[in-house]
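Quick note on numbering: numbering that gives the first Met the number 0 labels position 18 of the sequence shown as 17, and the sequence is numbered without any gaps.
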Amino acid sequence: MELVMCCGEEAAAAVRQLQLILQALGTCQANMAEGQIRVDANVSVHQSGEPLGVRREVKNINSVMHLAKAIGSCQKPTCHHCLFMRVKLRCLRSVNPAQFVVIDRLSFQLPELPSVKRTRLVEMYGILQEHRFTLV
């Protein structure tokens, strides 16, 4: 997944992919409507080639559709989505780097992830690219 996304639809697609990964790992069904996962969106709107604008955070989003709508409403300052509150973010420069740990050994214990499974199905069985998302 890209860390920088250009629109609400890209963020929604990333969350859908995350849901599939969580389901494949057996951690949860990732049902947002039942509160099994929630997402926050950090949004900074700017024109291409210009510096980033002020960051805003949309908290506790409970569906992929609301995520796309919330990010879209952040891009239009005159539009306000009544379900969400936008707040200025703290600066991450003050966060202790020791709080973030990469654990490489876990990758060997994970089951096959959805993106890898899709690629394998296409390569092994000649499944059409457009059918791979239907199957996995």
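Ideal Cβ positions, reconstructed from N, Cα and C, are used throughout, including at glycine.
For the candidate residues N41, I20, G52, L24, whose alpha-carbon lies nearest to that of A137?
The question about residue 137 has no answer here: the residues shown for the chain are numbered 0 through 135.
Quickly, what does DSSP pair A40 with across the bridge? List them, please.
Taking the sequence shown and counting its residues from 1, one reaches residue 40 at position 41. Note: A40 sits in a beta bridge opposite V57.
Where L120 and E129 are concerned, what is the direct C-alpha to C-alpha distance, given to the nearest angstrom?
Numbered from its first residue, the sequence shown carries residue 120 at position 121. Numbered from its first residue, the sequence shown carries residue 129 at position 130. Their backbone Cα atoms lie some 12 Å apart in a straight line.
In terms of alpha-carbon separation, which member of V38, A23, I20 lies closest to A11?
Residue mapping note: residue 11 aligns to position 12 of the sequence shown, counting from 1. Measuring from the Cα of A11, the nearest candidate turns out to be V38.
Work out the CA separation of M123 and R15 for me, nearest whole Å.
If you number the sequence shown from 1, residue 15 lands on position 16. If you number the sequence shown from 1, residue 123 lands on position 124. When rounded, the distance between both Cα atoms is 25 Å.
For V3, which residues from the same chain have a beta carbon less than 6 Å from its beta carbon, with the 5 sequence-adjacent residues on both sides left out?
On the sequence shown, residue 3 is found 4 positions in, with the first residue counted as 1. No residues qualify anywhere along the chain.
If you draw a straight line from the alpha carbon of Q28 to that of I20, how long is it in whole angstroms?
For this step, residue 28 is matched to residue 29 along the sequence shown. For this step, residue 20 is matched to residue 21 along the sequence shown. When rounded, the distance between both Cα atoms is 10 Å.
Beta-carbon spacing of A23, L112 below 8 Å:
Taking the sequence shown and counting its residues from 1, the one referred to as residue 23 is at position 24. Taking the sequence shown and counting its residues from 1, the one referred to as residue 112 is at position 113. A contact, by the Cβ cut-off of 8 Å.
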